[in-house]
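Protein chains: 2
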Amino acid sequence: MFSKACKYAIRAVLYLAVHSSPENKVGVKAIAEDLQVPKHFLAKILQQLSRDQLISSVKGPNGGFYMADENLNVPMEKIIKSFDGMEVFTSCILGLPVCSAENPCPLHVQAFAYREGLYYQLQHQSIREMADRVKLQELKL
Amino acid sequence: MFSKACKYAIRAVLYLAVHSSPENKVGVKAIAEDLQVPKHFLAKILQQLSRDQLISSVKGPNGGFYMADENLNVPMEKIIKSFDGMEVFTSCILGLPVCSAENPCPLHVQAFAYREGLYYQLQHQSIREMADRVKLQELKL
DNA sequence: TTTATTTAAGACAAATGAGTCTTTTAATAT
DNA sequence: ATATTAAAAGACTCATTTGTCTTAAATAAA
């Protein structure tokens, strides 16, 4: 469903949402080790997240990545949009160029329910809300 | 979600289920043109489907691919299993090595419900039933 | 101001997936 | 039997994704 880059991005953002703050920044190395993902690849992903203003960063000693308050209010959906585009939710599951309720492919009804449900959740849940759930329920990253 | 090979496979199988019979075989060329997919790539896919006994084939003049009666009774799921494996339905949506109801990732609940629905349908609907729906509702391939 | 630290940027390499082409094998019509 | 036809097999190329590495830029501590 999601690309590896996108999966790492989601996990990294939630990691920062749980473990960082403007006073307590985290470096690539620590994140990569905790999430068990390739360090340099993660670095690129964090850079893209930073460029897209989904996370914050400062260079130099005691620098690192962190979630500013405004970063936390963004819906989860934005992360996915930045990496895989919203096509993961909207494009035809069989790859047909046109596929809609009026002109559906054989799997349209089945697939629509699945993806639309997930999409709705990610649109309406902020990173902050998601991170709170991670903390409360001790979910894994 | 599905690989291109898998998408082409699903479409090709349903195409054969609608347009072929033991008396009326169809060649790669015709299928590729009707479905608008790369001919040689489709050839490989049809060969795999044939090896896995999801479709039938005969070589030589008047040969081609077709659905035998036993092919039609197979659940849709088998096609996907053959190409992408059942991991597309069961593996963690964030790529975590372990992710279950007891030990869930942050997206587990959201992803599970909807994906399970799609999986259930494909497990319990035969190629024949799906093809009948394609004919009746004039669905696109 | 110099040095150490950490992100930013981008070139590069490896792995995988998608797609093409050629040769072999089997079936059938003549 | 032979020629023809169409699938089977597999080598090969191309594109994309994943992952690595090196250098530059910025920040802050000494």
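Protein chains in written order, with our numbering: chain A, 1 to 141; chain B, 142 to 282. Quick reminder that beta carbons are idealized off the backbone N, C-alpha and C, glycines included.
**OP:** Please confirm if B:Val215 has its CB atom under 8 Å from at least one CB of chain A.
**Re:** Looking up residue 215 of chain B in the second sequence gives position 74. So, not an interface residue.
**OP:** Tell me, please, whether the region 118-133 of chain A touches the region 76-84 of chain A by the rule of three or more beta-carbon pairs shorter than 8 Å.
**Re:** yes
Original post:
B:Val199 and B:Ala184 look like a contact to me (Cβ under 8 Å); what is the Cβ gap, rounded to whole Å?
Top reply: The sequence position of residue 199 of chain B within the second sequence is 58, counting from 1. The sequence position of residue 184 of chain B within the second sequence is 43, counting from 1. Not quite, the Cβ-Cβ distance comes to about 15 Å (not below 8 Å), so this is no contact.
**OP:** Look up B:Pro216 in the DSSP assignment and give the residues it is bridged to.
**Re:** Along the second sequence, read from residue 1 onward, the residue named residue 216 of chain B stands at position 75. Bridge partners of B:Pro216: B:Ser267.
**OP:** Flag A:Met1 as yes if its beta-carbon sits less than 8 Å from any beta-carbon of chain B, otherwise no.
**Re:** Here residue 1 of chain A corresponds to residue number 1 of the first sequence, with the count starting at 1. Judged by the 8 Å Cβ criterion, A:Met1 is in contact with chain B.
**OP:** Locate the alpha helix (DSSP H) running through B:Phe230, then write down its first and last residues.
**Re:** As a position in the second sequence, residue 230 of chain B is number 89, starting the count at 1. From DSSP, the alpha helix (DSSP H) with B:Phe230 extends over 228-231.
**OP:** Enumerate, from N- to C-terminal direction, the unbroken beta strand (DSSP E) stretches of 3 or more residues contained entirely within the region 14-78 of chain A.
**Re:** 56-58, 64-66
Subject >> Contacting positions in the region 12-29 of chain A - beta carbon closer than 8 Å to chain B >> reply: Leu14
**OP:** Could you list which residues in chain A have their beta carbon closer than 7 Å to that of B:Met227, in chain order?
**Re:** If you number the second sequence from 1, residue 227 of chain B lands on position 86. Here the premise fails: no neighbours, minimum Cβ distance about 14 Å.
Original post:
Can the beta-carbon of B:Leu195 be found less than 8 Å from the beta-carbon of B:Val154?
Top reply: In the second sequence, counting from the first residue as 1, residue 195 of chain B sits at position 54. In the second sequence, counting from the first residue as 1, residue 154 of chain B sits at position 13. For B:Leu195 and B:Val154, yes; Cβs fall inside 8 Å.
Subject >> Closest by C-alpha distance to B:Phe230, when choosing among B:Cys246, B:Leu259, B:Lys166, B:Cys147 >> reply: As a working mapping, residue 230 of chain B is identified with position 89 in the second sequence. B:Phe230 has its Cα closest to that of B:Leu259, out of B:Cys246, B:Leu259, B:Lys166, B:Cys147.
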